[in-house]
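For the sequence shown, my numbering begins at 230 and goes up steadily by one. For glycine and all other residues, C-beta sits at the position ideal for the given N, C-alpha and C. Reading through the structure tokens given below for one structure.
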Amino acid sequence: MNKKTVVIGASPKPDRYSHQAVRKLRRYGHDVVALGFEDDMIDDIPIETAWPAISQVDTVTLYLNPQRQQSYYDYILGLHPKRIIFNPGTENKDLLQRAQAQGIQTVEACTLVMLSTNQY
230 MNKKTVVIGA
240 SPKPDRYSHQ
250 AVRKLRRYGH
260 DVVALGFEDD
270 MIDDIPIETA
280 WPAISQVDTV
290 TLYLNPQRQQ
300 SYYDYILGLH
310 PKRIIFNPGT
320 ENKDLLQRAQ
330 AQGIQTVEAC
340 TLVMLSTNQY
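Written out as structure tokens, the structure is:
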């Protein structure tokens, strides 16, 4: 099933997990929106730096450390995703609790592993 996924913290650097996640999500047939801080591309997917309004988001997968996430709480929650994946190093009790209070599923896991093990 195609799940529109927003990757927050997307990097143009191929060695970064966020970069690998964008590519793997696309390979698995998901509609991917990459949000980051550098105007660049990951294959044919632009890294958006303006962070636009996005509708019908299934999943937000985070690649920002908890301190950087704070500025984006309203944006992330305003996407009204069905779930938020906190990848290793992004675990954030405050955002997790806010999301759960809005009925958003939260998962502390690795997007790459979830894809590889058919748990995505």
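Check your understanding: For Pro295, which three-state DSSP category applies?
Key -> In the structure shown, Pro295 sits in a helix (DSSP, three-state: H, G or I).
**Study point:** At least three beta-carbon pairs within less than 8 Å, the segment 309-329 to the segment 288-296
**Key:** Result yes; three or more Cβ-Cβ pairs closer than 8 Å.
**Study point:** Exposure of Lys322, with buried meaning 16 or more beta-carbon neighbours within 10 Å
**Key:** With fewer than 16 other Cβ atoms within 10 Å, it is exposed.
Practice item. Figure out for me which residue from Ile333, Ala328, Ile271 and Ser284 has the closest Cα to the Cα of Arg256. Key: Ranking Ile333, Ala328, Ile271 and Ser284 by Cα distance to Arg256 puts Ile271 first.
Point to revise | Per-residue burial, Val235 [other beta carbons within 10 Å of its own, 16 or more giving buried] | key: Label assigned to Val235: buried.
Check your understanding: Considering only C-alpha positions, which residue in the set Gly258, Gly332, Glu267 and Ser284 is nearest to Thr278?
Key -> Comparing Cα-Cα distances from Thr278 to each of Gly258, Gly332, Glu267 and Ser284, the minimum goes to Glu267.
Check your understanding: Would Gly258 be called buried (16 or more neighbouring beta carbons within 10 Å of its own) or exposed?
Key -> Under a 10 Å Cβ-count criterion, Gly258 is classified as exposed, with fewer than 16 other Cβ atoms of the shown protein chains found around its own Cβ.
Check your understanding: Do you know offhand how far Thr340's Cα is from Val251's?
Key -> Going from the Cα of Thr340 to the Cα of Val251 covers about 10 Å.
Review point. Taking the continuous alpha helix (DSSP H) assigned at Gln326, which residues delimit it?
Key: Its alpha helix (DSSP H) spans residues Lys322 to Ala330.
Point to revise | Candidates Gln285, Tyr301 and Asn231, of which the one nearest Leu264 by Cα | key: Answer by Cα proximity: Tyr301.
Check your understanding: Val262 CB to nearest chain C CB: under 8 Å?
Key -> In summary, chain C is missing from the structure at hand, where a single protein chain is found.
Check your understanding: Comparing alpha-carbon positions, which option in Pro275, Leu324, Arg312 and Arg327 lies nearest Tyr349?
Key -> Closest by alpha carbon: Arg312.
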